[in-house]
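If you read the sequence shown in the numbering used here, its first letter stands for residue 839, the second for the next number, and so on.
Where a beta carbon is used, it is the ideal one built from N, C-alpha and C, also for glycine.
On a predicted model such as this, the values are computed, not experimentally measured, just so you know.
The structure appears right after this line, and notes come after that.
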Amino acid sequence: MFLRFTKKGLFIYYSHQLNTRDAWRNFGLQERHIELGAEGVASFIVQKLFISDARPSINRSKLDDRELAALKMAPRKAMEWMQEHSFDPRLINSYRKVVEKWEQDECFNKL
């Protein structure tokens with residue numbers, strides 16, 4: 839995992855704000871993930887890895903259809919990873935709502 843972060847230039851920083859977004863390479867770890875303990879932090883990191891994998895190039899300003907489809911699936915893949923690794927079912931059920939909201943975002947309407 840360390841190599842994936844360093845090779846891709848990913849950066850995770852602490853952010854007490856709930857709505858922190860910083861493109862494709864910088865991710866704000868929010869207090870709510872820390873409050874969930876190790877599983878909350880791990881789920882955050884795994885989701886961000888899937889999101890960064892959806893966009894292989896940082897130089898392009900627009901996603902193609904393949905990248906957009908991969909981005910749409912990133913949270914679902916993270917949830918499946920959580921299930922495979924026997925995360926707390928309450929965390930998974932809570933995260934399921936995030937996945938559903940993400941997949942219904944209007945930016946994915948053209949798929």
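Determine the DSSP secondary structure at residue 868, reduced to helix, strand or coil. Residue 868 falls in the strand class under three-state DSSP.
Taking the beta carbon of residue 921 as the centre, do at least 16 other beta carbons fall within 10 Å, making it buried, or is it exposed? Classification for residue 921: exposed.
Which whole-angstrom value describes the C-beta separation of residue 946 and residue 910, a residue pair presumed to lie in contact below a C-beta threshold of 8 Å? Between residue 910 and residue 946 the Cβ distance is about 5 Å, and since that is below 8 Å, they are a contact.
Residue 959, DSSP secondary structure in three states: Nothing can be reported for residue 959: it is not among the residues displayed for the chain, which extend from 839 to 949.
Count the other CB atoms within 10 Å of the CB of residue 917; is the residue buried (16 or more) or exposed (fewer)? With 16 or more other Cβ atoms from the protein chains shown falling within 10 Å of its own Cβ, residue 917 counts as buried.
With which residues is residue 852 paired in a DSSP beta bridge? Residue 852 has 867 as its beta-bridge partners, per DSSP.
Mind checking whether residue 919 and residue 884 have CB atoms under 8 Å apart? Contact: yes.
My understanding is that residue 876 touches residue 891, with C-beta atoms under 8 Å, so please give their C-beta distance in whole angstroms. Going by Cβ atoms, the distance from residue 876 to residue 891 rounds to 22 Å, so no, they are not a contact pair.
If I follow the unbroken alpha helix (DSSP H) through residue 902, where does it start and stop? Here residue 902 belongs to no alpha helix (DSSP H), and DSSP marks it neither H nor E.
Is the beta carbon of residue 850 closer than 8 Å to that of residue 865? Yes, the pair counts as a contact, with Cβ atoms nearer than the cut-off.
In the DSSP assignment, find the alpha helix (DSSP H) that holds residue 874 and state where it starts and stops. No alpha helix (DSSP H) holds residue 874; DSSP gives it neither H nor E.
Is residue 839 helix, strand or coil by DSSP? Three-state DSSP puts residue 839 in coil, outside helix and strand.
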